[in-house]
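**Q** Adding 439 to a residue's 1-based position in the sequence shown gives its number in the numbering used here. Here you go, one structure.
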Amino acid sequence: MTELKQGFLWGNSTSSMQTEGAVHEGGKGPSVYDLKPATAESADWDVAIDEYHRYPEDIALMKEMGMNCYRFQISWSRVNPTGDGAFNEEGIQFYSDLIDQLLKAGITPMICLYHFDMPLHLAQDYNGFMDDHVVEAFIRYGKEMVHRFADRVPYWITFNEQNLYGVPEAFKISGYTGDNTPRDLYQIQQHVITCHAAIANEIHDHYPAVKIGGMLAYQEVYPNSPLPEDVAHTRKFLEFADANLIRLFTTGQYSTEVLAYIHHQRWDDLLDPAEMAIIARCTSDFLSFSYYSTATLDSTKIPVNTCPNFYGVLGHRPNPYLQTNEWAWQIDPLGFRTVLTTIYNEAHVPVFPIENGIGVREEWDGEHAIEDDYRIAYHRAHIQAMKDAVTIDGVDCLGYLGWGLIDIPSSAGNVDKRYGMVYVNRTNHDLRDLKRVPKKSFYWFKNVIASNGESL
Ligand code: BG6
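This is the structure:
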């Protein structure tokens, strides 16, 4: 008997700037990513893995692997070059064709509307999600995409890792170039959840067969010790960074503890009544999240009166019990089970891990498949942990999407940090031939999918 449900979704997740390239083609406008230059440790974003031209080949690989789900990002500046102007039909047609080819291959498309890649004009002229104008522009863009594609795309998310808008990372990912104050962080967070809720409400009002859910980078954090302050700070951080957003996604209500903090800071004016009315109607059909590693929090490193959203960054300590990859990301499959179970207990909607994987430096010899047993070990342990969450803890899990599963530049543009089960023949500074070469893990994962997770 299989332990995972029939129709379990197996597949991969990507973002547009980490795959498409073609930044000057098809009428695309400039985005904040396009301007980031190559460095000694990273590529520029001009080509990525040339998905814009090679997606039929990559869909054929997904099909060969047996995948039945692919989550991709619509590039806002490809379908609307300035973000707030006329829509670009050529860009919209690109995604329409991609969706058709996925469906033809038996792969369910899942759309992400925003993966940190803001049209440049909105970032430069409006300070990104600080400004009401960008909120309006996003809602207009999101609704248009829903109207164009909801007939063929059953799963939607708005913002990748939306809880990062509630931590200092927000200033980098929201296009904001201002003062980086905690008050501004809360303004960005309020605007982004308003945008999410407006799109969720639109889908729920008009497309009952379509599912939309929240997405967060679940920041599982362990207390550094039994010191009561470590435990108390960890609990508070998890409430502010994760649980608050889960409640907003599923009930449209801020956590009372977070509301109390906003009130004590005298920031109640941020909770605009018109926005709160939109947020209040928000529900989620599932909760999705990315999971790579866990962290440890040491309260003694956190100054008094620090905004709780900053605890994770300031109190971070390596966990001596866990191994890491080369980039110090701690490998923790049991943490994955904990996150699945925690989210399900909290939200009571199906959970959907849509990013999981390990970045490793690899070289292809030009002939043989890369023997990536370390990647097989990573995914095997995490899929087993997910099965434990389902079979022992009673979690309702929709599927499992790995991150990339084809080599793509990292979020910092580093091609050397490879997550793929398919090698892409390029380096940071040499495009070579961009040939796709399945690794050993490709065949292993194919077998996992064919057995619906039974054969690990
Ligand atoms: C997630 C992002 O946080 O982590 C991806 O959604 C990113 O865009 C992935 O690529 C892995 O992180 P990194 O920095 O190793 O690429």
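Backbone N, C-alpha and C define an ideal beta-carbon position, used for all residues, glycine too. This one's a predicted model, so the numbers in the text were calculated from it and none came from an experiment.
1. In the DSSP assignment, find the beta strand (DSSP E) that holds Gly653 and state where it starts and stops.
2. Looking only at DSSP bridge pairs, what is Val868 linked to?
3. Helix, strand or coil: which one does DSSP assign to Gly833?
4. Just to confirm, are Ser880 and Arg814 a CB contact at a threshold of 7 Å?
5. Measuring only the C-alpha atoms, how far is Val660 from Val829?
6. Quick one: any contact between the region 564-582 and the region 501-508, if contact means 3 or more CB pairs under 8 Å?
7. Short of 7 Å in beta carbon distance, which residues of its chain neighbour Ile741, apart from the five on each side in sequence? Order them along the chain.
8. May I have a chain-ordered list of the alpha helix (DSSP H) segments no shorter than 4 residues that lie completely inside the region 746-824?
9. Expressed to the nearest angstrom, what Euclidean distance is found between the alpha-carbon atoms of Gly653 and Glu583?
10. Consult DSSP for Tyr604 and reduce its assignment to one of helix, strand or coil.
11. On the DSSP letters alone, give me the boundaries of the alpha helix (DSSP H) that Arg579 sits inside.
12. Leaving out five residues on either side along the sequence, give the residues of the same chain with a beta carbon under 6 Å from the beta carbon of Met456.
13. In chain order, what residues of the same chain have a beta carbon less than 6 Å from the beta carbon of Ala734, not counting five sequence neighbours either side?
14. I'd like the ranges of any alpha helix (DSSP H) spanning at least 4 consecutive residues and lying wholly in the region 638-711.
15. Looking at Leu837: is its Cβ nearer than 7 Å to the Cβ of Phe775?
16. For the beta strand (DSSP E) that Pro897 lies in, which residues bound it at each end?
17. List the endpoints of the continuous beta strand (DSSP E) containing Gln512.
18. Could you tell me the distance, in whole angstroms, from the CA atom of Leu474 to the CA atom of Ala637?
19. Which of the three DSSP states is assigned to Gly838 in this structure?
20. Measuring only the C-alpha atoms, how far is Lys874 from Ala656?
21. Considering only DSSP beta bridges, list what Cys551 is partnered with.
22. With respect to 6 Å, is the separation between the Cβ of Lys475 and the closest non-hydrogen atom of ligand 1 below this value?
23. Please check the pair Val876 and Arg865, which I expect to be a contact at CB under 8 Å, by giving their CB distance rounded to whole angstroms.
24. Would you kindly report the start and end of the unbroken beta strand (DSSP E) that includes Ala734?
25. Round the Cβ separation of Leu895 and Val834 to the nearest angstrom and send it over; I've been treating them as touching at under 8 Å.
26. Can we count Lys856 as close to ligand 1, meaning its CB is less than 6 Å from some heavy atom?
27. Can you check DSSP and say which residues form a bridge with Val462?
28. Can you tell me where the beta strand (DSSP E) with Phe728 in it begins and where it stops?
29. With 16 other CB atoms within 10 Å as the buried threshold, where does Gly446 fall?
**A** Checking against the coordinates, here is how it stands:
1. For Gly653, the uninterrupted beta strand (DSSP E) run begins and ends at Gly653 to Ala656, by DSSP.
2. The displayed chain sequence assigns His, not Val, to residue 868. Beta-bridge pairing by DSSP links His868 to no other residue.
3. If DSSP states are grouped into helix, strand and coil, Gly833 belongs with coil.
4. Against a cut-off of 7 Å, the Cβ pair of Arg814 and Ser880 comes out as a contact.
5. Val660 and Val829: Cα-Cα distance of roughly 22 Å.
6. No, the region 564-582 does not touch the region 501-508.
7. Cβ neighbours of Ile741 within its own chain (closer than 7 Å, five residues either side excluded): His672, Tyr750, Leu753 and Gly754.
8. Taken in chain order, the complete alpha helix (DSSP H) segments of 4 residues or longer contained in the region 746-824 are 750-753 and 772-786.
9. Gly653 and Glu583 have their C-alpha atoms some 19 Å from each other.
10. Residue state, collapsed to three classes: helix.
11. For Arg579, the enclosing alpha helix (DSSP H) covers residues Asp571 to Phe588.
12. For Met456, where only same-chain residues beyond five positions count, the Cβ hits under 6 Å are Tyr472, Trp484 and Asp556.
13. Within the same chain, Cβ atoms closer than 6 Å to the Cβ of Ala734 are found at Val660 and His755, the five residues on either side in sequence being excluded.
14. DSSP runs (the alpha helix (DSSP H)) wholly in the region 638-711: 667-677, 683-690 and 695-703.
15. No, Cβ-Cβ distance for Leu837 and Phe775 is not below 7 Å.
16. Since the first and last residues shown for the chain are 440 and 895, residue 897 lies out of range.
17. Run containing Gln512: Cys508 to Gln512, per the beta strand (DSSP E) assignment.
18. C-alpha of Leu474 to C-alpha of Ala637: approximately 30 Å in a straight line.
19. Gly838 falls in the strand class under three-state DSSP.
20. Using only the alpha carbons, I get a separation of about 31 Å.
21. BP columns for Cys551 point to Gln512 and Ile596.
22. No, the Cβ of Lys475 stays beyond 6 Å of every heavy atom of ligand 1.
23. The pair is not a contact, with the Cβ atoms about 12 Å apart (cut-off 8 Å).
24. Run containing Ala734: Ala734 to Leu736, per the beta strand (DSSP E) assignment.
25. So it is not a contact: roughly 18 Å between Cβ atoms.
26. The nearest non-hydrogen atom of ligand 1 is less than 6 Å from the C-beta of Lys856.
27. Its beta-bridge partners do not exist; DSSP assigns none.
28. In the DSSP assignment, Phe728 falls within the beta strand (DSSP E) that extends over Leu726 to Ser729.
29. Exposed, by the Cβ-count rule.
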